[in-house]
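Student:
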Amino acid sequence: MEADAGLDRRLERIEEIVRLLDSDSLGLDEALALFEEGVGHIRRAREVLARTELRVEELIGEEGEEVREFEPAGDGDGDDAEDG
Amino acid sequence: MKARNLDLFADRSTEPAGPPAPKVWTVSQVNRAVRRLLEETLPQLWVTGEVANFNRHRSGHCYFTLKDRSAQIRCVMFRREAATLPTDPDEGMTLRVFGGLTLYEARGSYQFVVSRLEAESADGMWKLAFERLRRRLDTEGLTDPARKRRLPDFPRRVGVVTSATSAALRDILAVTERRAPWVRVLVRGTGVQGPGAGRQIAAAIDTVAARGVDVVIVARGGGSIEDLWGFNEEPVARAVAACPVPVVSGVGHETDVTICDLVADLRAATPSAAAEAVAPDGRALGRRLAALGQRLGRALSGQARARRWRLDRARERLFGGARRLTSAYRQRLQGGRAGMSQAMQGRIQRRSARLKEAAAAMEALSPLSTLARGYAVPLDVNGRLLRGVGDFVPAERFRLRVVDGNVPCEVADRPTRES
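Chains as they are written, first to last, in our numbering: chain A, 1 to 84; chain B, 1001 to 1419.
As structure tokens, then:
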């Protein structure tokens, strides 16, 4: 599985590994390899969860063709009122 | 009457004296005068009546008749105002319209210029438009619950369509950062109210969807039905339905239901609720990962345990087998030993019995007892028994063994054989 695999794919794979390990049709080497793989996925997923800062980008331009880091508008902006 | 209106008739005072020639008006002058009269003497007013022959002209102006049982008025709603109408009224619908009277000079007919048009309740026209579009979308199946797509459990990129300066967006970002800060958010700001809002919102949905997000939030804070109207427009419904990824709608407050809500894959009550629905709970995820780690460990030790158990069993069987094997031998060995000694003993006993018998027999057969009865045994010099006449050689010496000693003898003559 690639390094930036989504959390859902990681979780699915970990669950699959647990199921495999619960079965008794595995060779010991195979079981150990699966265990290591599962632990790796857990570690990577934890790394993802450890991020704390939200990354927000804004699409701008007529067709939304440009992307820039989103800068929240200052408080008291006139448009806030109408947008409730 | 206002002074200005009096001017309409002021011409009279400037006429020359004498039998005044009657003032002759042109048709246009009359109509203009009446028009001014109508426009400037009657205030703007609300009128109620049933609508008939509503007609939206290519120019964008709308023409219709408002009537009651005994009278009718021609009405016009010009393009600018007509553009704010969410839909056309049904024939015979009771309306109330606000506007002013004027005269259409070209025809000399008076008409009511409508600036606002409402059904019996203020929201009536909006509700009518809503229900119409809703019925159409229902018929097309766009609001079918079976069409709703499941939201991704763990989106990596979330698209947000809302006003870029809105509290709704701030709420969405705050909730997402609290729950799932690893998520990337892509914002497409859009106008959310006023004419054309529907098209802008639809275009914004298309734009973020094209950027490869996993899910789209369409949001707006609360407002009147008119404020939220953009989210009830058909282009939004179409854009939501066509969006390649699931759409969560968080428009207005809990009580507001929009067309966007109905077509979306999930309707959230508010923008914050939309973000909650989209952003997985990081803490819950952390707990799940911990639990999975434990299960993984247990599963592996289960594997080890299963092997140890098999090993133990194998060892047991192996040693058990060996024990059984050796014990059989041991038993046979012991049995053999016992048997052997029994057999030996038996044999020994049998032998000793025979020995006794033999001893007794030998006793009986002993020559000494025979000798004691008076017999003698001839033996040659070597001690060999001389049994028959052939054993005796003339002149050879021999001895007679008698019971108490030996008697030296010599063969005196040729022995004779008795037949």
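Don't be surprised by glycine CBs; every beta carbon is placed ideally from N, CA and C.
As the structure is a computational prediction, the values presented were derived from the model and not from experiment.
Beta carbons nearer than 7 angstroms to chain B: which residues of the segment 26-47 of chain A have them?
Tutor: Residues L26, L28, A31, F35, G38, V39, I42, A45, R46.
Student: Run through chain B and tell me which residues come within less than 8 angstroms of E15/A, C-beta to C-beta.
Tutor: The contacting residues are L1292.
Student: In three-state terms, what does DSSP make of S1249/B?
Tutor: If DSSP states are grouped into helix, strand and coil, S1249/B belongs with the strands.
Student: Taking buried to mean at least 16 other C-beta atoms within 10 Å of its own C-beta, is W1046/B buried or exposed?
Tutor: Per the 10 Å Cβ criterion, exposed.
Student: How about E1177/B: is its C-beta nearer than 7 angstroms to some C-beta of chain A?
Tutor: Cβ-Cβ to chain A under 7 angstroms: yes for E1177/B.
Student: Can you tell which of T1255/B, V1389/B, L1400/B has the C-alpha that lies nearest to the C-alpha of E1418/B?
Tutor: Among T1255/B, V1389/B, L1400/B, the Cα nearest to that of E1418/B is on V1389/B.
Student: Quick one, are the C-beta atoms of L1103/B and Y1110/B less than 7 angstroms apart?
Tutor: Yes. Within cutoff.
Student: Within 10 Å of its beta-carbon, does A81/A have 16 or more other beta-carbons around it, so buried, or fewer, so exposed?
Tutor: Legend: pLDDT at A81/A = 41, less than 50; position of this residue unreliable, value from coordinates given subsequently. Exposed is the call here.
Student: From G6/A to G1222/B, what distance separates their C-alpha atoms?
Tutor: Spanning the two alpha carbons is a distance of roughly 34 angstroms.
Student: So, is the C-beta of L1289/B closer than 7 angstroms to a C-beta in chain A?
Tutor: At least one chain A Cβ lies under 7 angstroms of L1289/B.
Student: Is W1025/B helix, strand or coil by DSSP?
Tutor: Three-state result, W1025/B: coil.
Student: So what does DSSP say about F1054/B, is it helix, strand or coil?
Tutor: Looking at F1054/B - three-state DSSP - the assignment turns out to be strand.
Student: In the DSSP output, what is I1259/B paired with across the bridge?
Tutor: According to DSSP, I1259/B bridges with nothing at all.
Student: For L1095/B and T1048/B, I'd like the C-alpha separation in whole angstroms.
Tutor: When rounded, the distance between both Cα atoms is 6 angstroms.
Student: Considering only the alpha carbon of each residue, which of R1178/B, R1056/B, L1386/B, F1130/B lies closest to P1086/B?
Tutor: It is F1130/B whose Cα lies nearest to the Cα of P1086/B.
Student: What beta strand (DSSP E) runs, 3 residues minimum, are completely inside the segment 1378-1407 of chain B?
Tutor: Those beta strand (DSSP E) runs which fall completely within the segment 1378-1407 of chain B and span 3+ residues are 1397-1402.
Student: State yes or no: is the C-beta of S1272/B within less than 7 angstroms of the C-beta of D1171/B?
Tutor: Going by C-beta atoms, S1272/B is nearer than 7 angstroms to D1171/B.
Student: Could you tell me which uninterrupted beta strand (DSSP E) segments, each at least 3 residues in length, are contained entirely in the segment 1200-1227 of chain B, listed from first to last along the chain?
Tutor: With a minimum length of 3 residues, the continuous beta strand (DSSP E) runs that stay inside the segment 1200-1227 of chain B are 1215-1220.
Student: Between P1246/B and V1215/B, which are expected to be in contact by the criterion C-beta below 8 angstroms, what is the C-beta distance as a whole number of angstroms?
Tutor: At roughly 5 angstroms, the Cβ-Cβ gap stays under 8 angstroms, so P1246/B and V1215/B are in contact.
Student: Answer yes or no: does any C-beta atom of chain B fall closer than 7 angstroms to that of R55/A?
Tutor: So yes, R55/A belongs to the interface.
Student: Could you tell me which uninterrupted beta strand (DSSP E) segments, each at least 3 residues in length, are contained entirely in the segment 1108-1163 of chain B, listed from first to last along the chain?
Tutor: Segments of the beta strand (DSSP E) lying fully in the segment 1108-1163 of chain B: 1109-1118, 1157-1162.
Student: Are there 16 or more other CB atoms within 10 angstroms of the CB of F953/B, so buried, or fewer, so exposed?
Tutor: Examination of residue 953/B is not possible in this model, given that chain B is present from 1001 through 1419 alone.
Student: Please determine, among T1370/B, R1384/B, A1082/B, the residue with the shortest C-alpha to C-alpha distance to C1062/B.
Tutor: Among T1370/B, R1384/B, A1082/B, the Cα nearest to that of C1062/B is on A1082/B.
Student: In the DSSP output, which residue or residues are listed as bridge partners for C1409/B?
Tutor: In DSSP, C1409/B forms a bridge with F1398/B.
Student: Please report the straight-line C-alpha distance between D75/A and T1270/B, rounded to a whole angstrom.
Tutor: Its pLDDT being 48, under 50, D75/A is placed unreliably in this model, and the coordinates cannot settle the point.
Student: Since E63/A meets chain B, which of its residues come closer than 7 angstroms, beta carbon to beta carbon?
Tutor: By Cβ distance, chain B contributes T1207.
Student: Looking at chain A, is there any beta carbon in it that lies within less than 7 angstroms of the beta carbon of D1153/B?
Tutor: Yes, its Cβ sits closer than 7 angstroms to a Cβ of chain A.
Student: Roughly how far, in whole angstroms, is the beta-carbon of G1230/B from the beta-carbon of Q1193/B, given that I think they are within contact range, below 8 angstroms?
Tutor: Yes, G1230/B and Q1193/B are in contact; Cβ-Cβ is about 6 angstroms, under 8 angstroms.
Student: From G1374/B to D1404/B, what does the alpha carbon distance come to, in whole angstroms?
Tutor: Rounded to the nearest angstrom, the two C-alpha atoms are 10 angstroms apart.
Student: Please return the same chain residues whose Cβ sits closer than 6 angstroms to the Cβ of G38/A, not counting the five positions on each side in sequence.
Tutor: Contacts found: I14, I17.
Student: Residues of chain A with CB under 9 angstroms from R1188/B, in chain order?
Tutor: The answer, in chain order, is E58, L59, I60, G64.
Student: For the segment 1305-1327 of chain B, enumerate the residues whose C-beta is nearer than 7 angstroms to any C-beta of chain A, in chain order.
Tutor: From the segment 1305-1327 of chain B, only A1306, R1307 have a Cβ closer than 7 angstroms to chain A.
Student: Over the uninterrupted beta strand (DSSP E) stretch that includes F1098/B, give me the two end residues.
Tutor: It spans 1094-1104 - the beta strand (DSSP E) in which F1098/B sits, taken as one unbroken run.
Student: Short of 6 angstroms in beta carbon distance, which residues of its chain neighbour D1281/B, apart from the five on each side in sequence? Order them along the chain.
Tutor: Excluding residues within five positions, the ones whose Cβ falls inside 6 angstroms are R1179.
Student: Please state if the CB of A1237/B and the CB of I1217/B are separated by a distance shorter than 7 angstroms.
Tutor: Their beta carbons are not under 7 angstroms apart, which means I1217/B does not touch A1237/B by this criterion.
Student: Between the C-alpha atoms of D1380/B and V1407/B, what's the straight-line distance to the nearest angstrom?
Tutor: Answer to the nearest angstrom: the Cα atoms are 12 angstroms apart.
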